[in-house]
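Chains A, B and C are the protein sequences, given in the same order.
Count along the first sequence starting at 1, add 164, and that's the number in the working numbering.
Count along the second sequence starting at 1, add 968, and that's the number in the working numbering.
Count along the third sequence starting at 1, add 139, and that's the number in the working numbering.
Quick notes on the structure that follows.
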Amino acid sequence: MPSVQSKLPSHQAAVTPSNMTNKIDHPQLCQWLKLIAVNRDKQAFTAVFKFFAPKIKRIAQSKFNNEAQAAEVVQDTMSNVWRKSHLFDDSKGAATTWVYTIMRNVTFDMLRKVKANKEDNLSDDIWPLAESMNTEEETFTDHIQNRNLKGVIETLPENQQQVVKGFYFLEMSQEQLAEHLNLPLGTVKSRLRLALGKLKIKLGDHHD
Amino acid sequence: MTTFNLPIFPLPIFLLPQGITRLRIFEARYLKMVSLAMKNNGFVILPNASASASELKAIGSWVEIIDFDQSENGLLLIDVRCKCLVDVSALQQDEKQLHHAQVNRRAHWSETRVNETNDKIASSLKQVFSHNSELDNLYVDKNFQLANWVVARWLELLPVKLDEKNAFIEQDSFHHAMQFVEAIILAEESNN
Amino acid sequence: MIKHHPKFELLQNFVNGDLPASLSAGIAIHADMCPQCQEKISQLTEQVAEASFEQNFLHKFVVDDEDMAEVAELEFDSIIDEITASDDIESVKIHNEGPSIEFKGSEYVLPKAIRNIELGKTAQIGKLSRARLQLDEGEIHTSLLHIDPGGSVPEHTHNGFELTLLLAGSFTDEQGEYVAGDFIMLDKRHQHHPVSEHGCLCYTVANDSLHFTQGINKLLNPIGSFIY
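Rendered as structure tokens:
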């Protein structure tokens, strides 16, 4: 198996007895990320940075054995956190999971640059991060219901232009459709594709 | 032809005449829009607002507010019903960042009664409604016996890209729409 | 029904980002088609993330204390300034249907995970067509392999490993029938002879030429490097 040999943080942590002081304050992290998203709050970012950066650095050092590259992982990861904080959705997972995903993707692309000499940045295709935001395919009740908006709204300055403006309840997901039709998801997907294909032929493909 | 000036709510959804949806509103400028809409003639949901600023031709759904409520976490919920589709022109933004535009009514096939309906399509839609109480509660009148109504509701619900759905905005696209829904729900032709 | 899934260990390495791009993409494609593995991956990711960012993980490494911390603080402040100086936010990418590829008149939309990978020219032998993904991973070769209806891959074993991920259609080998989404990882202990009655499209990753074992096929060994 051609896997890159590295220390797996999960394994190391697993052998260390955990105690209360090690607990991560998840609500606090979420709150900071929201403040960054809504107010571009530098103080909140500094707090997030101080929490994550040292740990990211250690992990990156174990993968690259190189101080400069580890520093680059920290810089790239944290800069992504700053630019993408509005895409963080606490109903979909913990802040730590979100930051981990960004770090892993940054690291993966860098390793590929080093090893295969390719700058194709494939990680976001392999582990999609940004697609959760209202892309048309998944704008549905479940995440609307789960989303805790209150925290965000309370911090909204009155006239600020926001990333978010409203949520709606209408279209179903492919999964929901599959459930209603009592069919496997794959069948529903292929029916949708097929129906669209036929439609295009009928319409002479004049629209895009 | 009568032209109206109405507030614009940019939101990427597909809503045909008589279609109903629930919106959660929490941005200040849209709260203002809702209060305007309650007093006057409703507002227009415009699916591709950013593109239409530059283009001449844009089509939106003119909706009226039929109910409102407050969610558990204090958000304003409004239920809106589409009166008709409209051609949107002369999009402008006011000092509160709220868009307004000139709109003209536009005819659509879903407004024409078509009595003969495909039973299977109607009954599968019925099932969807009965499994989704939120959806079911939105509609006081359900016209499962009318093909135009059934096809329009299915189009709104289907998980298909907005761009693709837009083909069914054309006045003469009813038969394409019917066949499209049939192909997905019934899959008449066998496929792998 | 998808019956063949990546082993747990492979999912773990995937989540850690430790697999080559070819295998990572294979697992991502499978997970897109398999809610069960998708769920496992989310859970694993959450656990690994939590473990990575726990305080004690850091403390184990910190040899020195305050001096180092101070140096780090200074260094960090300037990075923070630099990052927050930018007002850019990442716009939401709405992906349209990805690029597609055509084999013998059938068009296939490429899975998301590989939509940005450059494809080589399609080569053909009989009922087999193959397009290489230009991943440049040394001895690991990644391809899209199309088998026309009635086509088959000559019986072979592998010197290394071979992943076959069925993207569309179906095929059969000694172990039974495979359907779209099936993730079939073989190593040199296995022999197999896939036959596709109705045709299929596979995503394949192999780290060495396969080795044909059957009669006349032995003469065909050079095409092993063609197929995978």
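All C-beta atoms in this analysis are idealised placements derived from N, C-alpha and C, irrespective of residue type, glycine included.
Only a predicted model underlies this, so the values are computations on that prediction, with no experimental measurement involved.
Return the first residue and the last residue of the beta strand (DSSP E) that residue i is part of.
i: C:Glu-313; result: Segment: none, C:Glu-313 is in no beta strand (DSSP E) and carries neither H nor E.
i: C:Cys-341; result: 339-345
i: C:Lys-373; result: The question about residue 373 of chain C has no answer, for chain C in this structure spans 140 to 367.
i: C:Gly-165; result: Run containing C:Gly-165: none in the beta strand (DSSP E); it sits in the alpha helix (DSSP H), 160-172.
i: A:Phe-215; result: From DSSP, A:Phe-215 is part of no beta strand (DSSP E) but of the alpha helix (DSSP H) over 206-228.
i: C:Glu-301; result: 301-308
Is the Cβ-Cβ distance between residue i and residue j less than 9 Å?
i: C:Gly-259; j: C:Ala-270; result: yes
i: C:Ala-138; j: A:Ile-290; result: What is shown of chain C runs 140 to 367, which leaves residue 138 of chain C out entirely.
i: C:Ile-279; j: C:Thr-303; result: no
i: B:Lys-1051; j: B:Val-1082; result: no
i: C:Ser-335; j: C:Phe-310; result: yes
i: C:Leu-340; j: C:Leu-284; result: yes
i: B:Ile-1153; j: B:Trp-1117; result: no
i: A:Trp-262; j: A:Phe-209; result: no
i: B:Ser-1141; j: B:Trp-1077; result: yes
i: C:Ile-99; j: A:Asp-284; result: Only positions 140 to 367 of chain C appear in the structure, and residue 99 of chain C is not among them; the question remains open.
i: B:Val-1002; j: B:Leu-1044; result: yes
i: B:Leu-1125; j: A:Leu-341; result: yes
i: C:Leu-305; j: C:Asp-321; result: yes
i: A:Ala-258; j: C:Glu-189; result: yes
i: A:Met-274; j: A:Phe-228; result: yes
Taking DSSP's pairing of strands, which residues face residue i in a bridge?
i: B:Asn-1072; result: B:Thr-971 and B:Asp-1055
i: B:Arg-1049; result: B:Ile-988 and B:Glu-1032
i: B:Pro-978; result: B:Leu-1014
i: A:Ser-255; result: Per DSSP, none; premise fails for A:Ser-255.
i: C:Ile-286; result: C:Leu-267 and C:Cys-339
i: B:Gln-1061; result: B:His-1067
i: C:Ser-245; result: C:Phe-242
i: C:Phe-322; result: C:Leu-304
i: C:Tyr-317; result: C:Phe-310
i: B:Ser-1092; result: DSSP, once it has assigned bridges, lists no residue as partnering B:Ser-1092.
i: C:Thr-184; result: According to DSSP, C:Thr-184 bridges with nothing at all.
Just to confirm my understanding: we take residue i, look at its own chain, exclude 5 residues before and 5 after, and list those with CB closer than 7 Å. What are they?
i: B:Leu-1106; result: Ile-988, Arg-990 and Asp-1047
i: B:Leu-1093; result: Phe-1112, Val-1118, Arg-1121 and Trp-1122
i: B:Ala-1005; result: Pro-975, Phe-1011 and Ile-1033
Taking 9 Å as the CB-CB limit, is residue i close to chain A?
i: B:Phe-982; result: yes
i: B:Ser-1101; result: no
i: C:Gly-244; result: no
i: B:Ser-1078; result: no
i: B:Ala-1161; result: Lying outside 969 to 1160, the shown extent of chain B, residue 1161 of chain B is not represented and no answer is given.
i: C:Leu-340; result: no
i: B:Ile-1152; result: yes
i: B:Phe-1148; result: yes
i: B:Leu-1014; result: no
i: C:Thr-184; result: yes
i: B:Leu-1126; result: yes
i: C:Phe-147; result: no
Contact criterion: CB-CB distance below 9 Å. Does residue i meet it with respect to chain C?
i: A:Glu-283; result: no
i: A:Pro-191; result: no
i: A:Glu-339; result: yes
i: A:Lys-277; result: no
Counting contacts by CB-CB distance shorter than 9 Å, is residue i in contact with chain B?
i: A:Leu-358; result: yes
i: A:Gln-233; result: no
i: A:Glu-236; result: no
i: A:Met-274; result: no
i: A:Leu-197; result: no
i: A:Val-352; result: yes
i: A:Leu-251; result: no
i: A:Ser-255; result: no
i: A:Arg-355; result: yes
i: A:Lys-362; result: yes
What residues in its chain sit with their C-beta under 8 Å from that of residue i, if we drop five residues either side in the sequence?
i: A:Gln-338; result: Glu-301, Leu-349, Val-352, Lys-353 and Leu-356
i: A:Gln-309; result: Model confidence at A:Gln-309 stands at a pLDDT of 27, short of 50, so the residue's coordinates are unreliable; what they give is reported in the following sentence. Correct list: empty, nothing qualifies.
i: A:Lys-282; result: Arg-276
i: A:Thr-265; result: Trp-291 and Leu-293
i: C:Gln-263; result: Arg-269
Tell me the residue span of the alpha helix (DSSP H) that contains residue i.
i: A:Ser-337; result: No alpha helix (DSSP H) contains A:Ser-337, which DSSP labels as neither H nor E.
i: B:Val-1108; result: Here B:Val-1108 belongs to no alpha helix (DSSP H), and DSSP marks it neither H nor E.
i: B:Thr-1085; result: Unbroken run through B:Thr-1085: none, as it is neither H nor E.
i: B:Phe-1148; result: 1142-1153
i: A:Leu-286; result: Looking at the DSSP string, A:Leu-286 is not in any alpha helix (DSSP H), and its letter there is neither H nor E.
In its own chain, which residues sit with a C-beta less than 6 Å from the C-beta of residue i, not counting the 5 before and 5 after it?
i: B:Met-1146; result: Val-1119
i: A:Ala-201; result: Ser-249 and His-250
i: A:Phe-216; result: Val-263
Check whether the Cβ of residue i sits closer than 8 Å to any heavy atom of the ligand MN, and report yes or no.
i: B:Gln-1070; result: As presented, the structure is devoid of all ligands, the ligand MN included, so that no description of it is given.
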